[in-house]
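Reviewing the structure listed below.
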Amino acid sequence: ISDQKPLGCWSVKHGQILTCPVVCNFETHEYIAVHDDKVLRIWKDEDINLDKAFKATLSAAVCRIHALPLGGPLVLFRGGAVRSLDVLLAAPQQEIENLISGEAIRWSEAFMEGQQPILIFTTEKDGDFFVYIQKPKLSSLHKYKLEQQESAKPLCFTAHITNQTITLLCLYSNDSVYQVLIPLYQDTGEEEEEEILSKSLLLNLSVSGAVLKGTSFVVLDKDHIAVLGSLAAPGKEPRECLTIWNTKFQTLQASKELPLGTSGQLWCYEEKFFLIHGKVLTVIMYKCETSSLASAVGMLKDSQTPDVSSFVNWNTLEDEELVVSFQSQESVALKAESRMNLRSRRSTVAEEQPETLSVGQLLLNLKDASTYVLESELKRLMAKAPTPDLQATIGCVVTALTDRCKRNPKYYPQNFLQQIVETRDLSYSLCPDLMAVALEKKDMHLLQICLERFPDIPEEITYACLNAFLSISEAHLQSIDVNLDSVVCYIDVECNNGEVKTEIVENGFSAEMDQDMCDTKMPEESQSRRDGESCPVGPQKAALLNAVLHSAYTETFLLPHLKNLPARQAILFLRYLYYLYVKCSEKVNTTLPGIRCPTINQIMDWMCLLLDAHFTVMVMLPEAKELLSNLHKFVRAQVRFYSELNKIEGSLRELQRLNHLRESQTYSIEVLEII
Numbered sequence: 001i002s003d004q005k006p007l008g009c010w011s012v013k014h015g016q017i018l019t020c021p022v023v024c025n026f027e028t029h030e031y032i033a034v035h036d037d038k039v040l041r042i043w044k045d046e047d048i049n050l051d052k053a054f055k056a057t058l059s060a061a062v063c064r065i066h067a068l069p070l071g072g073p074l075v076l077f078r079g080g081a082v083r084s085l086d087v088l089l090a091a092p093q094q095e096i097e098n099l100i101s102g103e104a105i106r107w108s109e110a111f112m113e114g115q116q117p118i119l120i121f122t123t124e125k126d127g128d129f130f131v132y133i134q135k136p137k138l139s140s141l142h143k144y145k146l147e148q149q150e151s152a153k154p155l156c157f158t159a160h161i162t163n164q165t166i167t168l169l170c171l172y173s174n175d176s177v178y179q180v181l182i183p184l185y186q187d188t189g190e191e192e193e194e195e196i197l198s199k200s201l202l203l204n205l206s207v208s209g210a211v212l213k214g215t216s217f218v219v220l221d222k223d224h225i226a227v228l229g230s231l232a233a234p235g236k237e238p239r240e241c242l243t244i245w246n247t248k249f250q251t252l253q254a255s256k257e258l259p260l261g262t263s264g265q266l267w268c269y270e271e272k273f274f275l276i277h278g279k280v281l282t283v284i285m286y287k288c289e290t291s292s293l294a295s296a297v298g299m300l301k302d303s304q305t306p307d308v309s310s311f312v313n314w315n316t317l318e319d320e321e322l323v324v325s326f327q328s329q330e331s332v333a334l335k336a337e338s339r340m341n342l343r344s345r346r347s348t349v350a351e352e353q354p355e356t357l358s359v360g361q362l363l364l365n366l367k368d369a370s371t372y373v374l375e376s377e378l379k380r381l382m383a384k385a386p387t388p389d390l391q392a393t394i395g396c397v398v399t400a401l402t403d404r405c406k407r408n409p410k411y412y413p414q415n416f417l418q419q420i421v422e423t424r425d426l427s428y429s430l431c432p433d434l435m436a437v438a439l440e441k442k443d444m445h446l447l448q449i450c451l452e453r454f455p456d457i458p459e460e461i462t463y464a465c466l467n468a469f470l471s472i473s474e475a476h477l478q479s480i481d482v483n484l485d486s487v488v489c490y491i492d493v494e495c496n497n498g499e500v501k502t503e504i505v506e507n508g509f510s511a512e513m514d515q516d517m518c519d520t521k522m523p524e525e526s527q528s529r530r531d532g533e534s535c536p537v538g539p540q541k542a543a544l545l546n547a548v549l550h551s552a553y554t555e556t557f558l559l560p561h562l563k564n565l566p567a568r569q570a571i572l573f574l575r576y577l578y579y580l581y582v583k584c585s586e587k588v589n590t591t592l593p594g595i596r597c598p599t600i601n602q603i604m605d606w607m608c609l610l611l612d613a614h615f616t617v618m619v620m621l622p623e624a625k626e627l628l629s630n631l632h633k634f635v636r637a638q639v640r641f642y643s644e645l646n647k648i649e650g651s652l653r654e655l656q657r658l659n660h661l662r663e664s665q666t667y668s669i670e671v672l673e674i675i
């Protein structure tokens, strides 16, 4: 997720529909999906075509598959029956019983209690809600009826098991959370009578007149829950928010506004929230500490303020509080992984001494400090002994510097920022505003460093860097300090006129072959041939473009941006890619000399991507005709050359085999006829 790159993508055929969420089998590292209700598919990462993956057609419609770390996947059918995946695969067409009559399953979850898998699901029929608890290994089924609530009905459920007791939490339409306790029975028989479950009020989702209309929620620990919904305050427009509540003291602990909207779904796994914010999957790290009355009272006092988001603290480090207003962090919330601490404010105030200020408090105090004081204090902060959160601390330092750059256009600590990026293991998500500021300031050297070091740069920023590199003049680049390590070994610069030249001896490409492949020799062919011999850009621009070629990307996300590249820049970039392609073909191992040089695969991928994005424009532009023709002839020459090599591959292997059989001490002359 930090790299923003899909690792795999699989799709069903046209007309087929995935009818339940795909899960991963923890034991076999396989994916399990169901399409068209009854067709089971199982595949692994290396499988490309889903249609060729394992297929099993079942006898009944599947509602949901639950993957357990130790118990193996459980399959819940729409009729209420449960089977383990192994039992189901042994006989896919086995008869599946119908345990619920006229009821629709609304929610389900699976747990491991010791060595015993347990599945709990809720159903609805004519406004009544029922709870089922199944123990597949013991063939045990218990059914309960949920106590009705006047003028309100449950919207969603969640549950957890503690001390042989299932705690079922229900979010109702009256903006309240209710709790239901269900003991785990040890008997294996079914219940003869339908027991009615009574519920108790756990939490009212309201604070200072504002009411949270929840859509989904998760349990964080015994004292905290997270609720996703729309917060409606009197006289204000409803705002979608992610909130955390203290159920022990009935207080709103923290809130985060989500202005781009959500899908209404919230997931939680290993102290991370997962939710869809706009079109982006957002991951937010959190940490819950032991609930105390001091922290609850502090939060309750803060909640009296008119704006709920004013006391939000979503960027707190694990061991230090980062006091930064949520409003200033809104633009980076989508890409940055945030952490929060639910800690006692009383203990924080008691421990905070002038000489041991937290990172957040220090940055807040330095907000209006002079440039010299700011940089001196930040350097001193980074010089401290390494801690588990040092990387995040450095990210906060960079964010503080970029925030000042935004407030003061004349301020830009170029050398300081370059030093931080070069010496620290950072990523784009830790300082998402850095490259935007560098683009605004036209700091090409810093952009080059970021492209070479950051593993998670969004495609939009990659394109912006490419466009900036291609647009900047060669004269301006002469005065800029750029790292030339990736070009000095294969680009020669003539001091007289600055023309960049190289001496080319192509691998499998000759003038005679060129003439054989083209019936009509173009008048400007000699000039066309020189396109591959002379680098179309200076060494500074070449080094910057090499940094772009090294940046990771996803074709699907980059292509829409690349189509916006002006035609002139697109042709220049293609000429440079063609130049690199010719240079790589000089070498037997198709590898450019130097440090961090582009590989042949990177060059070919970018060349294909650029042609896909601008093929129509390239064909129509007269200035691109020679380049495309030259590129076409060179590729055909390479194909012919490797085709000839393939013809003698068998003979070369036989020669290699004979060399192994020959005695090393015996001198002989042999003549091998290659047919």
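All letters in the sequence shown, in the order written, are residues 1 to 675 by the UniProt record's numbering. Glycine included, C-beta positions come from ideal geometry on N, C-alpha and C. Remember, it's a predicted structure, so these values are computed and weren't measured experimentally.
Item to complete: Quick one: give me the first and last residue of the alpha helix (DSSP H) that Gly264 is part of.
Response: For the purposes of this step, residue 264 is taken as residue 264 along the sequence shown, with counting starting at 1. From DSSP, Gly264 is part of no alpha helix (DSSP H) but of the beta strand (DSSP E) over 262 to 268.
Discussion item. Extract the residue ranges of the beta strand (DSSP E) inside the stretch 193 to 273, only unbroken runs of 3 or more that lie entirely within it.
Written reply: Inside the stretch 193 to 273, DSSP marks whole beta strand (DSSP E) runs of 3 or more residues at positions 195 to 197, 200 to 204, 210 to 221, 224 to 232, 239 to 246, 251 to 257, 262 to 268, from first to last along the chain.
Fill in: Beta carbon of Leu50 nearer than 8 Å to that of Val12
By 1-based counting over the sequence shown, the position of residue 50 is 50. By 1-based counting over the sequence shown, the position of residue 12 is 12. Against a cut-off of 8 Å, the Cβ pair of Val12 and Leu50 comes out as a contact.
Practice prompt. Taking 8 Å as the threshold, find out whether the stretch 256 to 268 comes into contact with the stretch 199 to 206 through three or more Cβ pairs.
Written response: Touching, no, given that fewer than three Cβ pairs across the two stretches are closer than 8 Å.
Discussion item. I believe Thr247 touches Asp223 by the beta-carbon criterion, under 8 Å. Please report the beta-carbon distance rounded to the nearest angstrom.
Written reply: Residue 247 sits at position 247 when you count from the first residue of the sequence shown. Residue 223 sits at position 223 when you count from the first residue of the sequence shown. Contact holds; Cβ gap of about 6 Å.
Worksheet item: Span of the alpha helix (DSSP H) holding Cys396?
Response: Here residue 396 is taken as the residue at index 396 of the sequence shown, counted from 1. Membership of Cys396 in the alpha helix (DSSP H) is indicated by the continuous run 390 to 407.
Worksheet item: Cβ of Leu572 less than 8 Å from any chain D Cβ?
Response: Absence of chain D from the displayed structure is noted, only one protein chain being present.
Practice prompt. With Lys625 as the anchor, note down where its alpha helix (DSSP H) starts and where it stops.
Written response: Numbered from its first residue, the sequence shown carries residue 625 at position 625. First-last of the alpha helix (DSSP H) with Lys625: 625 to 647.
Item to complete: In the DSSP assignment, find the alpha helix (DSSP H) that holds Tyr578 and state where it starts and stops.
Response: Counted from its first residue, the sequence shown places residue 578 at position 578. Here the alpha helix (DSSP H) through Tyr578 covers 567 to 586.
Fill in: Glu654 beta carbon near the ligand MG (any heavy atom closer than 7 Å)
This structure does not include the ligand MG; it has no bound ligands of any sort.
Worksheet item: Between Gly72 and the rest of its own chain, which residues show a CB-CB distance below 7 Å, the 5 nearest in sequence each way excluded?
Response: Along the sequence shown, one-based indexing puts residue 72 at 72. By the criterion of a C-beta distance shorter than 7 Å, Gly72 is surrounded in its chain by Glu27, Ser84, Leu85, Asp86, once the five residues flanking it on both sides are discounted.
Worksheet item: Leu610 and Leu577 look like a contact to me (Cβ under 8 Å); what is the Cβ gap, rounded to whole Å?
Response: Walking along the sequence shown from the start, residue 610 turns up at place 610. Walking along the sequence shown from the start, residue 577 turns up at place 577. With 8 Å as the limit, Leu610 and Leu577 qualify as a contact, their Cβ atoms being about 7 Å apart.
Worksheet item: Are Asn25 and Ile17 touching if we call contact CB-CB under 8 Å?
Response: Working through the sequence shown from its first residue, we reach residue 25 at position 25. Working through the sequence shown from its first residue, we reach residue 17 at position 17. Going by C-beta atoms, Asn25 is not nearer than 8 Å to Ile17.
Worksheet item: For Phe157 versus Thr122, is the C-beta distance shorter than 8 Å?
Response: Position 157 of the sequence shown, counted from the start, is the residue given in the question as residue 157. Position 122 of the sequence shown, counted from the start, is the residue given in the question as residue 122. Yes; because the gap between Cβ atoms is below 8 Å, this pair is in contact.
Worksheet item: Mapping DSSP to helix, strand and coil, what is Val34?
Response: Here residue 34 refers to the residue found at position 34 of the sequence shown. Correct three-state label for Val34: strand.
Worksheet item: Roughly how many angstroms separate the alpha carbons of Thr399 and Val373, rounded to a whole number?
Response: Position 399 of the sequence shown, counted from the first residue, corresponds to residue 399. Position 373 of the sequence shown, counted from the first residue, corresponds to residue 373. Approximately 17 Å, taken between the alpha carbons.
Discussion item. List, from N- to C-terminal side, the beta strand (DSSP E) runs of 3 residues or more that fit wholly inside the stretch 394 to 475.
Written reply: DSSP runs (the beta strand (DSSP E)) wholly in the stretch 394 to 475: none.
Practice prompt. Please list, in chain order, all residues of the same chain as Ile449 whose beta carbon is under 7 Å from its beta carbon, the five residues on each side excluded.
Written response: Position 449 of the sequence shown holds residue 449. The answer, listed in chain order, is Gln418, Val421, Glu422.
Worksheet entry | As assigned by DSSP and simplified to three states, the class of Ile65 | As a working note, residue 65 is residue 65 in the sequence shown. Ile65 sits in a strand when the DSSP states are folded into three classes.
Worksheet item: Secondary structure at Glu670, three-state DSSP: helix, strand or coil?
Response: In the sequence shown, counting from the first residue as 1, residue 670 sits at position 670. Note: Glu670 maps to coil in three-state DSSP.
Worksheet item: Between Leu281 and Asp456, what straight-line distance do the alpha-carbon atoms span, to the nearest angstrom?
Response: On the sequence shown, position 281 is the one that residue 281 refers to. On the sequence shown, position 456 is the one that residue 456 refers to. So the two alpha carbons sit approximately 14 Å from each other.
Worksheet entry | Residues near Ser198 in its chain [Cβ-Cβ closer than 7 Å; skip 5 each side] | Here residue 198 refers to the residue found at position 198 when the sequence shown is read from its first residue. Answer for Ser198: Glu147, listed in chain order.
Fill in: Residues of its chain near Met604, where Cβ-Cβ distance is below 8 Å and the 5 sequence neighbours each way are ignored
Sequence index remark: in the sequence shown, residue 604 carries index 604 (1-based). Contacts found: Tyr581.
Worksheet entry | For Trp606, the nearest candidate out of Asn630, Ile648, Glu649, Ala547 (CA to CA) | In the sequence shown, residue 606 corresponds to position 606, counting from 1. Minimum Cα distance to Trp606 is reached at Ala547.
Fill in: Environment of His14 [buried if 16+ CB atoms lie within 10 Å]
Translated into positions along the sequence shown, residue 14 becomes position 14. In this structure His14 is exposed. Its beta-carbon is surrounded by fewer than 16 other beta-carbon atoms within 10 angstroms.
Discussion item. My assumption, with CB atoms under 8 Å, is that Phe469 sits in contact with Lys541. Please give the rounded CB distance.
Written reply: Your numbering for residue 469 matches position 469 in the sequence shown. Your numbering for residue 541 matches position 541 in the sequence shown. In this structure, Phe469 and Lys541 form a Cβ contact; the two beta carbons are roughly 6 Å apart against a cut-off of 8 Å.
Discussion item. Going by the DSSP bridge assignment, what does Pro117 pair with across the sheet?
Written reply: For the purposes of this step, residue 117 is identified with residue 117 of the sequence shown, where counting begins at 1. Paired residues: Met112.
Worksheet item: In whole angstroms, what is the alpha-carbon distance linking Arg640 and Lys633?
Response: Within the sequence shown, numbered from 1, the residue matching residue 640 stands at position 640. Within the sequence shown, numbered from 1, the residue matching residue 633 stands at position 633. Rounded to whole angstroms, the gap between the alpha carbons of Arg640 and Lys633 is 10 Å.
Fill in: Neighbourhood of Ala613 by C-beta distance below 8 Å, restricted to the same chain and skipping five residues each side
As a working note, residue 613 is residue 613 in the sequence shown. Within the same chain, Ala613 has close Cβ partners Leu559, Leu562, Lys563, Leu565, Ala570.
Fill in: Assigned secondary structure, Val505 (DSSP; H/G/I helix, E/B strand, else coil)
Within the sequence shown, residue 505 is the residue found at index 505, counting from 1. With a pLDDT of 40 at Val505, under the threshold of 50, the modelled position of that residue is not reliable, and the figure given next carries that caveat. Assignment of Val505 by DSSP, reduced to helix, strand and coil, places it in the coil class.
Item to complete: Would you kindly report the start and end of the unbroken beta strand (DSSP E) that includes Trp43?
Response: Here residue 43 refers to the residue found at position 43 when the sequence shown is read from its first residue. 39 to 43 is the extent of the beta strand (DSSP E) around Trp43.
Fill in: CB contact flag (Leu119, Ser108, <8 Å)
By one-based count along the sequence shown, residue 119 stands at place 119. By one-based count along the sequence shown, residue 108 stands at place 108. The answer is yes: Cβ separation under 8 Å.
Worksheet item: Measuring CB to CB, does Val227 end up less than 8 Å from Thr243?
Response: Within the sequence shown, residue 227 is the residue found at index 227, counting from 1. Within the sequence shown, residue 243 is the residue found at index 243, counting from 1. Yes, these two residues count as a Cβ contact at 8 Å.
Worksheet item: Quick one, are the C-beta atoms of Val482 and Ala543 less than 8 Å apart?
Response: Translated into the one-based positions of the sequence shown, residue 482 becomes position 482. Translated into the one-based positions of the sequence shown, residue 543 becomes position 543. Cβ atoms of Val482 and Ala543: closer than 8 Å.
Worksheet item: For Leu592, does the three-state DSSP call read helix, strand or coil?
Response: Within the sequence shown, residue 592 is the residue found at index 592, counting from 1. The DSSP-derived three-state label of Leu592 is coil.
Fill in: For Cys608, the three-state DSSP class (helix, strand or coil)
For the purposes of this step, residue 608 is taken as residue 608 along the sequence shown, with counting starting at 1. Here Cys608 sits in helix by DSSP.
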